[in-house]
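Counting from 1, position 225 in the sequence shown corresponds to residue 225 in UniProt numbering; the numbering is continuous, with no gaps. We treat Cβ as the ideally placed atom computed from N, Cα and C, and that holds for glycine. The model shown is predicted, which means the values in this text are computed figures rather than measured ones.
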Amino acid sequence: MLLASFFGLVMGLVLGLTGAGGGILAVPALVLGLGLSMTQAAPVALFAVGSAAAIGAVDGLRHGLVRYRAALLIALLGAVFAPVGIYFAHQLPEKILKVLFSLLMIMVAWRMLRPEKLDDGPSDHGHANWGQKNCMLDQQTGRFSWTAKCTATLAALGAVTGVVSGLLGVGGGFLIVPAFKQLTDVQMRGIVATSLMVISLISIIGVIGAFHAGVRIDGLGVSFIVASIVGMILGRKLCARMPARGLQIGFASICVVVAAYMLFRALA
Numbered sequence: 001m002l003l004a005s006f007f008g009l010v011m012g013l014v015l016g017l018t019g020a021g022g023g024i025l026a027v028p029a030l031v032l033g034l035g036l037s038m039t040q041a042a043p044v045a046l047f048a049v050g051s052a053a054a055i056g057a058v059d060g061l062r063h064g065l066v067r068y069r070a071a072l073l074i075a076l077l078g079a080v081f082a083p084v085g086i087y088f089a090h091q092l093p094e095k096i097l098k099v100l101f102s103l104l105m106i107m108v109a110w111r112m113l114r115p116e117k118l119d120d121g122p123s124d125h126g127h128a129n130w131g132q133k134n135c136m137l138d139q140q141t142g143r144f145s146w147t148a149k150c151t152a153t154l155a156a157l158g159a160v161t162g163v164v165s166g167l168l169g170v171g172g173g174f175l176i177v178p179a180f181k182q183l184t185d186v187q188m189r190g191i192v193a194t195s196l197m198v199i200s201l202i203s204i205i206g207v208i209g210a211f212h213a214g215v216r217i218d219g220l221g222v223s224f225i226v227a228s229i230v231g232m233i234l235g236r237k238l239c240a241r242m243p244a245r246g247l248q249i250g251f252a253s254i255c256v257v258v259a260a261y262m263l264f265r266a267l268a
């Protein structure tokens, strides 16, 4: 129980310091640290990540940053397709799931190590010319113009996120954030707030789906979840005092090491 609380606290601290993507460490902590199987770890990880994301989403809603219609559409499609991921998670061998998760961690680390051009500004509106992106904000209302192209784009994003969430027990922030940057003209602070809302909704749906499939969260899982929420709150308070680039490099390095070890264990 103490070990579960320790791992949960560390995971939550990393999550709070680095953002939604930090939740990808939850599954390795449960599998490698506590000896759970991938299918047992997935709902615990989703619950922990979803709880942490919900706190960030509420804060984003308070400040009017969440594109809630887009978040609801993505989450709705995620709800439809998450059971597909859960089904395959129960059909695939444990070794294959561990290999897939290791490759996913390496991809996330690679993305975090790439230097990104930040687009800061007082407005949550992007600066792309009309038609450049699949989903564009109306400069008069500040809301998305819901064209067929925009609706189809967000629906497809929701479907992919739902499958990956159900399959590997991750919230999907590593997919949603870059997709929103590429496909919409929403500023970064709006993207993060919207992503957190989607993650919290899809995580809840994934947990319900896992329960329906017969997976249960025991005392160790509950200890991990509670400790992760405490760690996340501490991490959010500390993150303003830490250099953002240093946190990204540190987190990416941890991902590479954990992924390599997980891959070695899976193939051994």
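Taken through DSSP and simplified to helix, strand or coil, L137 comes out as strand. Using a Cβ distance threshold of 8 Å, V99 and A266 count as a contacting pair. Considering only A89, L61, K237 and C135, the residue with the shortest C-alpha distance to T184 is C135.
Annotated as distal: S145 and G85, with beta-carbon spacing of 8 Å or more. Annotation: I217 to V80 spans about 23 Å, alpha carbon to alpha carbon. Contact check for M38 against E94 passes: the beta carbons are separated by less than 8 Å.
Below 8 Å, too few C-beta pairs join the segment 139–154 and the segment 189–209 to call them touching: fewer than three. Checking the DSSP bridge columns, you'll see F144 partnered with L137. Check the Cα spacing between A156 and each of F180, L77, D138 and V258: the tightest is with L77. When C-alpha distances from L167 are compared across I176, G219 and I96, the shortest belongs to I96. Below 8 Å, too few C-beta pairs join the segment 250–265 and the segment 55–75 to call them touching: fewer than three.
Going by DSSP, H63 is part of no alpha helix (DSSP H) at all; its letter is neither H nor E. Every unbroken stretch of the alpha helix (DSSP H) spanning 4 or more residues and falling wholly within the segment 216–262 is given here in chain order: 219–238. Take L154, set aside five residues on each side of it, and the residues of its chain with a beta-carbon closer than 6 Å to its own are A70, L73 and I74, in chain order. In the three-state DSSP reduction, L34 falls in the helix class (H, G or I). Looking at W110, V258, A210 and R241, the one whose alpha-carbon comes closest to that of F88 is A210. Counted as a single uninterrupted DSSP element, the alpha helix (DSSP H) harbouring L100 occupies residues E94 to L113.
Taking A29 as the centre and dropping the five residues before and after it, the same chain places the C-beta of F7, G8, V10, M11 and F224 closer than 8 Å to its C-beta, in chain order.
Between L3 and the set L17, L32 and L263, the nearest pair of CA atoms involves L32. A check of alpha carbon separations from R114 across G172, K133 and P178 identifies P178 as the nearest.
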